[in-house]
Amino acid sequence: MYRVECAPTYEMYAEDKILQHELIYTAELFLVDRADKTTWQEMSLRFYAYAFRDDEDTVILSPCILMPHSLTEHNVSFQLVQKDGKTVMEYRARRDIEKDEPLFVNYHI
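So this is what it looks like as structure tokens:
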């Protein structure tokens with residue numbers, strides 16, 4: 001796992017070189033019953049919610065949710081994986097990332 005520096009402007013930078021496909025961060029998922037949507041929509045966390053199952057949404061609470069979005073220059077990918085009987089979100093390097101290089105993810109994938 002690598003340390004990632006969060007800047008005050010919501011940018012993230014690699015503190016060390018990260019090799020392609022290496023794990024950057026594993027984020028826990030918090031499931032929310034979709035029936036609670038009215039309360040859910042009032043919370044600022046709704047911007048970090050993703051459809052998960054037919055009746056549930058998930059919220060990802062990790063430093064990686066602050067990673068800036070880029071359609072074309074993203075160097076970090078994410079995917080849901082099973083780990084120790086739980087579904088988690090893994091963030092990995094799409095290519096070699098140099099020390100001090102900004103990190104970007106494409107949230108529309």
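Going by UniProt numbering, the first residue of the sequence shown is number 1, and it counts up by one from there. Heads up, the beta-carbon is just placed ideally off N, CA and C, and yes, glycines get one too.
VAL32 has its alpha-carbon roughly 24 angstroms from the corresponding atom of HIS69.
Listed as beta-bridge partners of SER77 by DSSP are ARG92. Collapsing the DSSP output to three states places PRO68 in coil. For ASP57, the enclosing beta strand (DSSP E) starts and ends at 56-60.
When the beta-carbon positions are compared, LEU23 and THR58 stay at least 7 angstroms from each other. The alpha-carbon separation between MET89 and SER62 amounts to approximately 10 angstroms.
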